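Undergrad: Chains as they are written, first to last, in this note's numbering: chain A, 1 to 286; chain B, 1001 to 1295.
C-beta atoms are modelled at their ideal positions from N, C-alpha and C, and glycine is treated no differently.
Note that the coordinates shown come from a computational prediction; the quantities given were computed from them, not determined experimentally.
1. Based on DSSP bridge pairs, tell me the residues matched to residue 1056 of chain B.
2. Measuring alpha carbon to alpha carbon, tell me which of A/216, A/47 and A/2 ends up nearest residue 127 of chain A.
3. Along the chain, where does the alpha helix (DSSP H) that runs through residue 8 of chain A open and close?
4. Report the partner residues of residue 217 of chain A according to the DSSP bridge assignment.
5. Excluding the 5 residues flanking residue 182 of chain A on each side, which residues of the same chain have their C-beta closer than 8 Å to its C-beta?
6. Which whole runs of the alpha helix (DSSP H) in the segment 1066–1145 of chain B are 4 residues long or more, in chain order?
7. Measure the C-alpha to C-alpha separation of residue 1201 of chain B and residue 1182 of chain B and round it to an integer number of angstroms.
8. Just to confirm the assignment: which complete alpha helix (DSSP H) runs, minimum length 4, are found wholly within the segment 1025–1057 of chain B?
9. If you check the beta carbons only, do residue 1160 of chain B and residue 1090 of chain B fall under 8 Å apart?
10. Taking 7 Å as the limit between beta carbons, can you name the residues of its chain near residue 1270 of chain B, skipping five residues before and five after?
11. Whose C-alpha, out of B/1220, B/1215, B/1099 and B/1133, is nearest the C-alpha of residue 1175 of chain B?
12. Do three or more CB pairs link the segment 254–270 of chain A to the segment 141–150 of chain A at distances below 8 Å?
13. Determine the burial state of residue 1011 of chain B: buried for a count of at least 16 other Cβ atoms within 10 Å of its Cβ, exposed for fewer.
14. Is the segment 1104–1116 of chain B close to the segment 21–35 of chain A, with three or more CB pairs under 8 Å?
15. Distance, Cα to Cα, residue 1208 of chain B vs residue 1290 of chain B?
16. Under 8 Å between C-beta atoms, does residue 221 of chain A make it to chain B?
17. Roughly how many angstroms separate the alpha carbons of residue 111 of chain A and residue 6 of chain A, rounded to a whole number?
18. Tell me residue 53 of chain A's beta-bridge partners as DSSP assigns them.
19. If distances are taken between C-alpha atoms only, which option among A/196, A/166, A/118 and A/62 comes closest to residue 1244 of chain B?
20. For a contact meaning CB atoms closer than 8 Å, what does residue 1079 of chain B contact in chain A?
21. Smallest Cα separation from residue 46 of chain A: which of A/16, A/55, A/104 and A/60?
22. The segment 1016–1036 of chain B: which residues have C-beta closer than 9 Å to a C-beta of chain A, in chain order?
23. Would residue 271 of chain A be called buried (16 or more neighbouring beta carbons within 10 Å of its own) or exposed?
24. Kindly indicate which three-state DSSP category residue 1228 of chain B falls into: helix, strand or coil?
25. When we look at the beta-carbon of residue 1056 of chain B and count the other beta-carbons within 10 Å, is it buried (16 or more) or exposed?
26. So with CB distances below 8 Å, who are the chain A contacts of residue 1188 of chain B?
27. Could you check whether residue 37 of chain A and residue 133 of chain A sit closer than 8 Å to each other, using their CB atoms as the reference points?
28. Examine chain B for any beta-carbon lying closer than 8 Å to the beta-carbon of residue 328 of chain A, and answer yes or no.
29. Relative to the alpha-carbon of residue 298 of chain A, which residue among A/19, A/137, A/43 and A/211 has its alpha-carbon at the smallest distance?
30. State the start and end residues of the unbroken alpha helix (DSSP H) segment that holds residue 1205 of chain B.
31. Is the CB of residue 161 of chain A under 8 Å away from at least one CB in chain B?
32. So is residue 1066 of chain B in contact with chain A if we call contact Cβ pairs under 8 Å?
33. Distance check for residue 86 of chain A and residue 1222 of chain B, CA to CA, integer angstroms please.
34. In whole angstroms, what separates the C-alpha of residue 1087 of chain B from that of residue 1189 of chain B?
35. For residue 1292 of chain B and chain A, any beta-carbon pair shorter than 8 Å?
36. Name the chain B residues whose beta carbon is nearer than 8 Å to that of residue 115 of chain A?
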């Protein structure tokens, strides 16, 4: 009897602790979003979104940073999305079990664990120095693209896996070649899923700072980048500067909060778009 | 006709294969560039001095010093502190989601955890400055809250999503028969969860924690913004620390090209790469073994 009661109390306390842990995690997230939403919300205005910083970045807006992040993410996408898709097509459609395939998969998994600052160092050597792109939006975009590659490969492969084998076999049975079967029977079904998965990777890339620190992000530029060889301002780097490097840190705190809010809305907005599309696709398929 | 078609097929196959091999090339390329750029540093610095000396003062006018021990210890401290917080909470949340929570709760919480994973590290670092810093200063009665505790808390928050989602997968993969047998023998749900299911999923949970650890070691912006970045050897969790990642981020922008200092920063990058590579590789091996056993 006594033992049974002790067991019950232990279970009650245990589950209570677990619930407390979950509540804590959710509370932290809410606190983050609430703090940034409340203090950043007051800064957001049309002027803030559409104008360049003024008076030593103590006034004005963050438009160059928004534009720069958009541009660099575009370059990231141009590199990482097609390459990621093609690598995934190889792994899911062509690859046979073997040493080479294992090596490729192992590399992809390890690439996704390489610290972002190490990608930054790699970008400095490869793109800035060896390829002579200099510190530019191109170098930064390519560096971010390499960082995003393992994520887009994994996401694209997941999408390819959801296409039933009978689709492939149907085409092959009618005499189609492998590529014809992939092109006409696999890709049309997989591409939407591949794209949503890659958008998640791009959202992460858009919020990254460490890889662009030395490959092209600029402290302050009075103009927008005119070519791919120019430096650029980016939202995450702008937030870093406003939070730690500015000489009037207390005075520019509202701008930092506003920048953080815009960055979070951008990144989470991309995330949610992808999740909503994925959800719709799944329902449609059923 | 036939011949052309098969030629076309093999060209297409080769093209996709090249894209796949690119992943290998990038990984090898990262290692090779780090290594080749780091090597010149050791013309002037002894490897043992580099790894075991505490003082890092590359711009000293008298004698430049290149010891990264303080940074290694700082990185390990902040990472260790983060795991101390994140492992119990992460496993607890994963256990709750996989075993206790109503499926509706799970459907709501899982995307929310994904949102937490999606917050950029620079934003987390900013919140470390404006939210956690002042709070820590108040709690411990110190001048400012930019120290190892702050970094640990933030890194814990950042590694939680990884730990939660992979641990939950591991717990869900435990055969139902285990739990049923335990319940049939009269164990409570709590006992079943922590004495049967968690031990059965342990290798997956360990892998999850190691992946979280890999993230924490390599995280840059958060620690750069929230730990104060003092160069001195850390004297405890309330002292300001400078991790390896933060040091590279601080100094690479100002260092003159083609100097020992420049190469030494790449050597730090190499140490980081090797550390995270080993941690991730071990996690990977554990996870693979585990999945093979499942099949």
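TA: For this structure:
1. One-based indexing of the second chain puts residue 1056 of chain B at position 56. Looking at the DSSP assignment, residue 1056 of chain B forms a beta bridge with B/1066.
2. Walking along the first chain from the start, residue 127 of chain A turns up at place 127. When only C-alpha atoms are compared, the closest one is A/216.
3. To locate residue 8 of chain A, count along the first chain from 1; it is residue 8. Residue 8 of chain A -> alpha helix (DSSP H) spans 2–41.
4. The residue you call residue 217 of chain A lines up with position 217 of the first chain. Its beta-bridge partners are A/232.
5. The residue given as residue 182 of chain A occupies position 182 in the first chain. Excluding sequence neighbours, residue 182 of chain A sits near 89, 93 and 168.
6. Runs found: 1069–1095, 1103–1118, 1121–1127 and 1133–1140.
7. Here residue 1201 of chain B refers to the residue found at position 201 when the second chain is read from its first residue. Here residue 1182 of chain B refers to the residue found at position 182 when the second chain is read from its first residue. Residue 1201 of chain B and residue 1182 of chain B have their C-alpha atoms roughly 15 Å apart.
8. DSSP runs (the alpha helix (DSSP H)) wholly in the segment 1025–1057 of chain B: 1047–1052.
9. In the second chain, the residue the question calls residue 1160 of chain B occupies position 160. In the second chain, the residue the question calls residue 1090 of chain B occupies position 90. Cβ distance < 8 Å, so residue 1160 of chain B and residue 1090 of chain B count as in contact.
10. Position 270 of the second chain, counted from the start, is the residue given in the question as residue 1270 of chain B. If the five residues before and after residue 1270 of chain B are omitted, its C-beta is found closer than 7 Å to the C-beta atoms of 1034, 1035 and 1038, all from its own chain and listed in chain order.
11. Residue mapping note: residue 1175 of chain B aligns to position 175 of the second chain, counting from 1. Considering only alpha carbons, the answer is B/1099.
12. Counting C-beta pairs with one atom in each stretch, the segment 254–270 of chain A and the segment 141–150 of chain A have fewer than three that are closer than 8 Å, which means they do not touch.
13. Start at 1 with the first residue of the second chain, and residue 1011 of chain B comes out as number 11. Counting Cβ neighbours within 10 Å, residue 1011 of chain B comes out exposed, since fewer than 16 surround it.
14. Enough Cβ pairs lie closer than 8 Å, so yes.
15. Residue mapping note: residue 1208 of chain B aligns to position 208 of the second chain, counting from 1. Residue mapping note: residue 1290 of chain B aligns to position 290 of the second chain, counting from 1. So the two alpha carbons sit approximately 12 Å from each other.
16. Counting from one through the first chain, the residue named residue 221 of chain A turns up at place 221. Proximity of residue 221 of chain A to chain B, defined by a Cβ-Cβ separation below 8 Å, is not satisfied.
17. Counting from one through the first chain, the residue named residue 111 of chain A turns up at place 111. Counting from one through the first chain, the residue named residue 6 of chain A turns up at place 6. In this model, residue 111 of chain A and residue 6 of chain A are separated by some 49 Å (Cα to Cα).
18. Here residue 53 of chain A corresponds to residue number 53 of the first chain, with the count starting at 1. Under DSSP, residue 53 of chain A forms a beta bridge with A/60.
19. In the second chain, residue 1244 of chain B corresponds to position 244, counting from 1. For residue 1244 of chain B, the closest alpha carbon among the candidates A/196, A/166, A/118 and A/62 is that of A/118.
20. On the second chain, position 79 is the one that residue 1079 of chain B refers to. Near residue 1079 of chain B there are no residues of chain A at all, since even the closest Cβ is about 12 Å away, more than 8 Å.
21. For the purposes of this step, residue 46 of chain A is taken as the residue at position 46 of the first chain. By alpha-carbon distance to residue 46 of chain A, the top candidate from A/16, A/55, A/104 and A/60 is A/60.
22. Those would be 1016, 1017, 1018, 1019, 1020, 1021, 1022, 1023, 1024, 1025, 1026, 1027, 1028, 1029, 1030, 1033, 1034 and 1036, in chain order.
23. The sequence position of residue 271 of chain A within the first chain is 271, counting from 1. Sixteen is the threshold: when 16 or more other Cβ atoms of the shown chains lie within 10 Å of the Cβ of residue 271 of chain A, as they do, the residue is buried.
24. Within the second chain, the letter at position 228 stands for residue 1228 of chain B. Of the three classes helix, strand and coil, the one that applies to residue 1228 of chain B here is strand, per DSSP.
25. In the second chain, counting from the first residue as 1, residue 1056 of chain B sits at position 56. Buried: at least 16 other Cβ atoms inside 10 Å.
26. What you label residue 1188 of chain B is simply residue 188 of the second chain in a count that begins at 1. Per Cβ cutoff of 8 Å: 7, 8, 10 and 11.
27. Position 133 of the first chain, counted from the start, is the residue given in the question as residue 133 of chain A. Position 37 of the first chain, counted from the start, is the residue given in the question as residue 37 of chain A. No, these two residues do not count as a Cβ contact at 8 Å.
28. Outside the shown range of chain A (1 to 286) lies residue 328 of chain A, about which nothing can therefore be said.
29. This structure does not reach residue 298 of chain A, given that chain A is present from 1 up to 286, and the question cannot be answered.
30. As a working mapping, residue 1205 of chain B is identified with position 205 in the second chain. Residue 1205 of chain B: member of the alpha helix (DSSP H) spanning 1202–1218, first to last residue.
31. Position 161 of the first chain, counted from the first residue, corresponds to residue 161 of chain A. For residue 161 of chain A, the answer is no, since every Cβ of chain B falls outside 8 Å of its Cβ.
32. Here residue 1066 of chain B corresponds to residue number 66 of the second chain, with the count starting at 1. Closer than 8 Å: no.
33. If you number the second chain from 1, residue 1222 of chain B lands on position 222. If you number the first chain from 1, residue 86 of chain A lands on position 86. Note on geometry: alpha-carbon atoms of residue 1222 of chain B and residue 86 of chain A lie some 34 Å from one another.
34. The count along the second chain starts at 1 and reaches residue 1087 of chain B at position 87. The count along the second chain starts at 1 and reaches residue 1189 of chain B at position 189. Going by the C-alpha atoms only, they are around 22 Å apart.
35. Sequence index remark: in the second chain, residue 1292 of chain B carries index 292 (1-based). No, its Cβ sits nowhere closer than 8 Å to a Cβ of chain A.
36. Taking the first residue of the first chain as 1, we reach residue 115 of chain A at position 115. Result: 1217, 1218, 1219, 1220, 1245, 1272, 1273 and 1276.
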